[in-house]
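Asks: Residue numbers (our numbering): 533 to 1371. Glycine included, every Cβ here is placed at the ideal spot set by N, Cα and C. Sharing a structure with you now.
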RNA sequence: GCGGGCGUGGUGAAACUGGUAGACGCGCCGGACUCAAAAUCCGGUUCCGCAAGGAGUGUGGGUUCGAUUCCCACCGCCCGCACCA
């Protein structure tokens, strides 16, 4: 084998060009990487004066220790964008970092007694040096970050305190999602179908004091910002965000309590048009007035109901029957004056709106069930047609319609009546227009060790204060035997401290932050990873933010991207980043599956990237993973597919090698023969379309298809070329290596140098820019239709006008036969495309 | 239930603003090279038909000279959220 020769970087001419590619690819790739390393080709100048700049970022990985195909897909995409951008004259920031806090490291510590920091460092080394490094990704590792290092998390802590200073952090006693297996509190986004997202255990509800970030302060801004992303984010990604933010417009209505002057229950509704159909008012079990309002005779039943409901898990409550208990009190409908009972039921959510609702069984499916079950009246106030009569309902009528039984509003369309009723309520001071969001504040406390310590101290006398010195170091030597929540407290000397500015005793917070805190601001840290004075210099953010292309899975659209956007909006509001939105183009990629199933170790259906690299090479792997399947769809792994890509690279290899000995072109690329002109046209189109496929159309798979087409067109030209044509064809293939390099950088670099005599890296070269004339064909093929049916084609010179084309079309055999002696009614002429005769 | 995506050959898919449906890949078939095989290369590959021709993008309708693309109704699949009043 030739590896011995190949691995010697000072002997570039030693690449055995005449050997078949599949025998030498490993050496070619190794050598290309050695060259890039030696020449520092992947460096980014963060202070560049170049006005053309691009920030290309793949979501940073969790260092599990094993690179998987999902990583390959993300970085094959980001690297293609990065390399194309460099060719096109941009200074490109394309960094790599590690999302290094999180549960697996801690679980390893608990189970095997290893130090989470050591475990994590080892995994990072494994992934970086043994796995990612073999893919030929153009990262500038001078910007590498590790979110679990004190150099990083001191700034996570500083930003937490900055949020605190702006009133965006608070501590509250609240109902939280408690994961009984992982022994921690979970954010709403981490509860999936009522179960913990990692443990899968049914989540319990507990009331505990926790730290929250007031992301709801930016709910409207986050909602509005989505419209600015249209066309740059997929509709699906925007829809997921909208679902989480969940904006709705409605009205809060006061329902006075009979016999309790001045006390009223506020109910939120988006359906003010149904106000005359209210037959009860229902409070959530968590509603603060429940215990106070319960009539003496009902107090015991109410207390029992509330206790049962609040003790149940989310999943139990969601599937529960629509039971309810009367409080024994009466509310008055503020417009009709009618008296309706007040109940408590667990299907009313305590955390949304006012925690109390008005029940309109006739026009809300849930209220309909509730009324049926609890013997409440059902009163129809909206009819499906203006002349319909109210009738016994089998189910709630929730569509718009025409008003009835609603006093002065009868006969109006319900959507008009809604506004009229709201106006009347507002005018009489018993209602307030109100916008509500589903988005909740972000609970960031975690009863875990392996995370960023929350930099706060507490004293019974003074309450809470920011820890005065950062970082608050995560203490080494934790004892995990009493559970994760106690691990930090177990380290002697950690908890005990003093109240800032005094020598009075105080205690440190022992919770850590949700790891989504780390990933909410990492994009800014890449801009200034070595800064010890501040998390980043503002002028760097001015220069590089927002991210131009952000690559990652759609599964992060609900959590990470909400928090990330929140941080960006906040940072923008205080002048630390130039635009509110952090990401221009979000390239959301699908999964890599095997046999239609998600790859997983437990199923044993994993294709390991390093093994694929061993067998086929990184270039073939990267080319394959971008080919055939559109960006957003899931790939179903297929060995034959990657074999095909290796074969394709072999064809390119031998084709380029066959031209290596042609005379170097002197002067401009001028084409005189038909073969030369054809080659120039192919190259011109390839360069333009591949760039557009990637930058504008997200069509990576179409870009790869174009490479195949190009090679298919060029091969016969090269094989048939005479000696006079070979220099130009050599030059065309030399330019082609740039396009190839976007996807398969190793082979491209080596062909550029070894076959075509490049002296400086391929990736320092400009993108092929050819005269616009090569984009225009000199002949055009028109399709000829008769009555919309294809009857033939005709090829004419490109400068032919309508008359000439129509004449040629009429004359062609097949067409004239179909036209016969029929009367020509109309001729449709589409320039450059077709002629349609209507007879 | 609500929101989003999507239905095209044996298969992954393409068709950018309505204009030659199936580019490109995989597979399959045939051929060359070979004692043979592998590898490689060349050709073919929507369906019916010998052909001329006809049919064809989930189903039914519509708009149009012309519809995979636009509109209406329906069927089916996938994903996300899910008692948000």
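Do the CB positions of residue 864 and residue 790 come within less than 8 Å of each other?
Replies: yes
Asks: Quick one: Cα of residue 784 to Cα of residue 1168, how far?
Replies: 51 Å
Asks: Could you give the distance in angstroms between the alpha-carbon of residue 877 and the alpha-carbon of residue 976?
Replies: 29 Å
Asks: If you reduce the DSSP assignment to three classes, tell me which class residue 1282 lands in.
Replies: Helix, per DSSP.
Asks: How big is the Cα-Cα spacing for residue 1322 and residue 1366?
Replies: 10 Å
Asks: Could you name the residues that DSSP lists as bridge partners for residue 663?
Replies: Answer is none; residue 663 lacks a bridge partner.
Asks: From which residue to which residue does the beta strand (DSSP E) around residue 1261 run?
Replies: Counting along the chain, residue 1261 falls outside any beta strand (DSSP E), though it belongs to the alpha helix (DSSP H) covering 1258-1273.
Asks: Count the other CB atoms, across all protein chains shown, that sit within 10 Å of the CB of residue 724; report buried if there are 16 or more and exposed otherwise.
Replies: exposed
Asks: What distance in whole Å lies between the Cβ atoms of residue 799 and residue 890, which are believed to be in contact at a cut-off of 8 Å?
Replies: Yes, residue 890 and residue 799 are in contact; Cβ-Cβ is about 4 Å, under 8 Å.
Asks: Would you grab the beta carbon distance between residue 859 and residue 838 for me? Rounded to a whole angstrom, and I think it's under 8 Å.
Replies: Between residue 838 and residue 859 the Cβ distance is about 11 Å, and since that is not below 8 Å, they are no contact.
Asks: Could you check what DSSP says for residue 1062 in three-state terms: helix, strand or coil?
Replies: coil
Asks: With DSSP as the reference, label residue 1311 as helix, strand or coil.
Replies: strand
Asks: Leaving out five residues on either side along the sequence, give the residues of the same chain with a beta carbon under 6 Å from the beta carbon of residue 1242.
Replies: 1214 and 1218
Asks: For the structure I just gave you, are there three or more beta carbon pairs, one from the stretch 695-710 and one from the stretch 732-742, closer than 8 Å?
Replies: yes
Asks: Roughly how many angstroms lie between the CA atoms of residue 1133 and residue 1276, to the nearest whole one?
Replies: Rounded to whole angstroms, residue 1133 to residue 1276 spans 29 Å at the Cα level.
Asks: What does a CB cutoff of less than 7 Å around residue 733 pick up in its chain, not counting 5 residues either side in sequence?
Replies: 711, 712, 713 and 727
Asks: Short of 6 Å in beta carbon distance, which residues of its chain neighbour residue 518, apart from the five on each side in sequence? Order them along the chain.
Replies: A question about residue 518 goes unanswered here, because the residues of the chain that appear run from 533 up to 1371.
Asks: When you compare only the Cα positions, how much space is there between residue 1067 and residue 1011?
Replies: Rounded to the nearest angstrom, the two C-alpha atoms are 31 Å apart.
Asks: Are residue 993 and residue 1036 closer than 8 Å when you measure CB to CB?
Replies: yes
Asks: With a threshold of 6 Å on Cβ separation, who are the neighbours of residue 646 within its own chain once the five nearest residues in sequence on each side are excluded?
Replies: 640
Asks: Buried or exposed, going by whether 16 or more other CB atoms sit within 10 Å of the CB of residue 1161?
Replies: Buried.
Asks: At the level of alpha carbons, what is the spacing between residue 673 and residue 628?
Replies: Cα-Cα distance, rounded: 7 Å.
Asks: Please classify residue 698 as buried or exposed, where buried requires at least 16 other C-beta atoms within 10 Å of its C-beta.
Replies: Burial call: exposed.
Asks: With DSSP run on the structure shown, which of helix, strand or coil describes residue 1085?
Replies: strand
Asks: For residue 1311, which residues from the same chain have a beta carbon less than 8 Å from its beta carbon, with the 5 sequence-adjacent residues on both sides left out?
Replies: 1327, 1328, 1329 and 1330
Asks: So, helix, strand or coil for residue 629, using DSSP?
Replies: strand
Asks: So what does DSSP say about residue 955, is it helix, strand or coil?
Replies: helix
Asks: Helix, strand or coil, according to DSSP, for residue 1365 in the structure here?
Replies: coil
Asks: Have a look at 704, 809, 978 and 844 and flag the residue whose alpha-carbon is nearest the alpha-carbon of residue 900.
Replies: 809
Asks: Note down the Cα distance separating residue 1113 from residue 696, rounded to an integer number of angstroms.
Replies: 22 Å
Asks: Enumerate in chain order the residues of its own chain whose CB-to-CB distance from residue 896 is below 8 Å, with the five nearest sequence positions on each side excluded.
Replies: 803, 806, 928 and 930
Asks: Take residue 940 as the anchor and find which of 953, 947, 932 and 933 has the nearest alpha-carbon.
Replies: 953
Asks: Which one or two residues does DSSP pair with residue 762 in a beta bridge?
Replies: 765
Asks: Could you give the first and the last residue of the continuous alpha helix (DSSP H) run that contains residue 708?
Replies: Counting along the chain, residue 708 falls outside any alpha helix (DSSP H), though it belongs to the beta strand (DSSP E) covering 701-711.
Asks: Starting from the C-beta of residue 882, find all residues in its chain whose C-beta is less than 8 Å away, skip the five residues before and the five after it, and write them out in chain order.
Replies: 707, 816, 817, 818 and 819
Asks: Is there contact between the stretch 580-594 and the stretch 616-633, where contact requires at least three CB pairs shorter than 8 Å?
Replies: Taking a cut-off of 8 Å on C-beta distances, the stretch 580-594 touches the stretch 616-633, as three or more cross pairs fall below it.
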